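All remarks here apply to the structure that follows.
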Amino acid sequence: MTAQSVMIPWQDRPEGCNDIMWRFSENPIINRYAIPTSNSIFNSAVIPFEDGFAGVFRCDNKAVQMNIFAGFSKDGINWDINHDPIVMQAGNTDMIESDYKYDPRVTFIEDRYWITWCNGYNGPTIGIGYTFDFKEFFQCENAFLPFNRNGVLFPEKINGKYAMLSRPSDNGHTPFGDIYISYSPDMKYWGEHRCVMKVTPFEDSAWQCTKIGGGPVPIKTEEGWLLFYHGVINTCRGFRYSMGAALLDLEDPTKVLYRTKPYLLAPAEVYELTGDVPNVVFPCAALTEGDKVTVYYGAADTVVAIAFGYISEIIDFMKKNSI
């Protein structure tokens, strides 16, 4: 089995726009009531699958219970999301308890699609599962002790081991957080935890001075792993989430080669400024086709939107504007 290659959603840069990344003119692509039970649909992951795309979506219901749902699309924009949440079967463990599931990521490694999410087990931790067809899903051991969020797998082994980014946290709306990497020989036991990136000093780059977290699955380029991530500043109106990018060394991802000092995308449109949690741009997935990249992000913890860019331009921007 191999991951499929299909044309990604794309819209050319608008005339007169000088931004490194730009939004889809018809955002948001998934509204909060896209399935009958949903209060909001956001912070979701997509990937090429068969002759289109599959996705794992965070759908909070009208009791605001958090869970993940599978969905399918021919074009990556118009989605048919299942009305019932994913039901997990035992994978490499019989312990598949979960108080909640949210903020999934998905990647194809070797012969299957791996999913990570924030899993409720005596507090938030990183859940791991896999599927071959997005119909049957198998849950594995949680990667870490609580408390942790933003588990993001690399799309291939590094030095013979699975690798995952995460953001150790606390049990609340965490007012701190740096990005770490951990390794596993078997997707069950995780160790060799190392710090990758810390928050920035307020004076140097305030949009990412409170906490940061990995976004979409890192993209392998000739110059390094391209990582989109979110950064947070605590303002007088609360947390404000924006998106930046970093370039990590291919052999040793703890080495940050470049990192954006300015953000790439920050809350500006109504659907990012207004919602259940205002002022949020939260990237969770990225599709590539040649030099093109389409990033899926949650907006205001309410809807799903997309933005576009060119990988070469983003890397060049990082080099010229690195912290």
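So the sequence shown is residues 11 to 333, counted in the numbering used here.
Heads up, the beta-carbon is just placed ideally off N, CA and C, and yes, glycines get one too.
Note that the coordinates shown come from a computational prediction; the quantities given were computed from them, not determined experimentally.
Sequence-distant partners of residue 154 (beyond 5 residues in either direction) whose C-beta falls short of 6 Å from its own C-beta, in its chain, are 135 and 136.
Rounded to whole angstroms, the separation of the alpha carbons of residue 73 and residue 175 is 31 Å.
Collapsing the DSSP output to three states places residue 325 in a helix. The beta carbon of residue 215 sits closer than 6 Å to the beta carbons of 271 and 333 from its chain, once the five residues preceding and following it are set aside; these are given in chain order.
Considered as a whole, the segment 54-124 harbours 62-71, 76-83, 98-100 and 111-119 as its complete beta strand (DSSP E) runs of no fewer than 3 residues, in chain order. In terms of Cα proximity to residue 129, the closest of 89, 309, 120 and 139 is 139.
In terms of CA proximity to residue 183, 242 leads the group 283, 206, 242 and 166.
In the three-state DSSP reduction, residue 193 falls in the strand class (E or B). In this structure, residue 68 lies near residue 114, with their beta-carbon atoms less than 8 Å apart.
Residue 282: member of the alpha helix (DSSP H) spanning 280-283, first to last residue.
Distance from the Cα of residue 63 is smallest, within the candidate group 50, 82 and 51, for 82. Looking at the backbone, the Cα of residue 50 and that of residue 316 are separated by about 16 Å.
Excluding sequence positions up to five before and after residue 207, its CB lies within less than 8 Å of the CB of 188, 189, 222, 239, 256, 266 and 269, all in the same chain and listed in chain order. Residue 159 is a Cβ neighbour of residue 179, given a cutoff of 8 Å. Residue environment analysis places residue 97 among the exposed positions, since fewer than 16 neighbouring C-beta atoms fall within 10 angstroms of its C-beta. With respect to the C-alpha of residue 290, the residue from 300, 278, 106 and 195 having the closest C-alpha is 278.
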